[in-house]
Amino acid sequence: MLPIPAEELNGSGTLGPYWTFYRAVAAEQLNRWLPAEPSVVLDLSGGRGRWSGQAAKAGHRVIEVLDFRRTLDAHSRLHDAGRVRHIRADDLAFLPDGCVDAVLCEERAMSIELMAESAMNDVARVLRPGGRALVCVDSLVLGMAILAEQGQWQHLRQTGEVMLVPWPDGSITRCFSSGQLRELLAGAGLEVEWMRPRTVLSPSTVDHVLGSDARALNYLVRTELEAQPNDDDTVGIHLVASARKS
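Position 187 of the sequence shown, counted from 1, bears residue number 187 in UniProt numbering, the numbering being contiguous throughout.
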């Protein structure tokens, strides 16, 4: 899969069919991952995306942690009223040990959080024994694509080190190899259950199939989720992992 140009990463570019597919894959991954029984879910995705709402609709109690700088819009308040508790905080000090059943770190939360090791230790602390975390991070494929666009050729060989990549908006993203993501999770005492790129089907393939038959979306999602590219960090802009606390 070829890297997606940086201008497409926020979904505002020309790859509309691909992002429709991407969001459908992510939603189905979460459906399959969520606990079977009603549980307490901590969402660290920063209020971005619809993760809390999806978990709440599945019957779970959700604590959604928002960055203290973020303004909660009226639609979000109405949509999640009575089902999701919103907390403004920049760490998890307000939560006791072992108090949640599952933690969502979607929307590249651990790539945006440059002190990812400390944040993941906090995730492990608040998980109960047997609890699980779902983590999505930026991949080295994405990092190298952005550096190449910026002409930072001298940094492209430093893939064995932590890769911090500046974005045009001034933010910094931390990009992970599968080995580095595994180390992050294991370092916090979590056991990796599985790891994979979020998607392996290329934007061109998705665009071609959906352009021929818009009804093929469900087929594409099933095809994607039945693929088994475990630990393959040579494709895809994001890596997703599930880890369990013993």
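No residue lacks a Cβ here, since even glycine has one placed at the ideal position from N, Cα and C.
Original post:
How is Ala55 classed by DSSP in three states: helix, strand or coil?
Top reply: Position 55 of the sequence shown, counting from 1, holds the residue named residue 55. It is helical.
Subject >> N- and C-terminal bounds of the alpha helix (DSSP H) containing Ala145 >> reply: What you label residue 145 is simply residue 145 of the sequence shown in a count that begins at 1. Run containing Ala145: 140-149, per the alpha helix (DSSP H) assignment.
**OP:** Could you spell out the range, first to last residue, of the beta strand (DSSP E) harbouring Val191?
**Re:** Locating residue 191 in the sequence shown gives position 191, where the first residue counts as 1. The question names Val, yet the displayed sequence has Glu at residue 191. 190-197 is the extent of the beta strand (DSSP E) around Glu191.
Original post:
For Met115, which beta-bridge partners are listed by DSSP?
Top reply: As a working note, residue 115 is residue 115 in the sequence shown. Its beta-bridge partners do not exist; DSSP assigns none.
Subject >> Nonlocal neighbours in the same chain, by C-beta distance under 8 Å from Leu225, ignoring five residues either side >> reply: As a first step, residue 225 is located in the sequence shown; it is residue number 225 there, counting from the start. Excluding residues within five positions, the ones whose Cβ falls inside 8 Å are Val25, Glu28, Gln29, Arg32.
Original post:
If you draw a straight line from the alpha carbon of Met163 to that of Leu185, how long is it in whole angstroms?
Top reply: Working through the sequence shown from its first residue, we reach residue 163 at position 163. Working through the sequence shown from its first residue, we reach residue 185 at position 185. Between Met163 and Leu185, the C-alpha separation is close to 17 Å.
Original post:
Which residue comes first and which comes last in the alpha helix (DSSP H) that contains His238?
Top reply: Along the sequence shown, one-based indexing puts residue 238 at 238. For His238, there is no enclosing alpha helix (DSSP H); the residue is part of the beta strand (DSSP E) that begins and ends at 238-245.
Subject >> For Leu42, the first and last residue of its enclosing alpha helix (DSSP H) >> reply: If you number the sequence shown from 1, residue 42 lands on position 42. Careful: Leu42 lies outside any alpha helix (DSSP H), inside the beta strand (DSSP E) at 40-43.
Subject >> Secondary structure of Glu183, DSSP reduced to three states >> reply: If you number the sequence shown from 1, residue 183 lands on position 183. DSSP, reduced to helix, strand and coil, places Glu183 within a helical segment of the structure shown.
Original post:
Which of the three DSSP states, helix, strand or coil, is assigned to Phe176?
Top reply: The count along the sequence shown starts at 1 and reaches residue 176 at position 176. DSSP places Phe176 in strand when its eight states are reduced to three.
**OP:** Give me the Cα-Cα distance between Gly98 and Arg182, rounded to the nearest whole angstrom.
**Re:** Looking up residue 98 in the sequence shown gives position 98. Looking up residue 182 in the sequence shown gives position 182. Looking at the two C-alpha atoms, the distance is approximately 22 Å.
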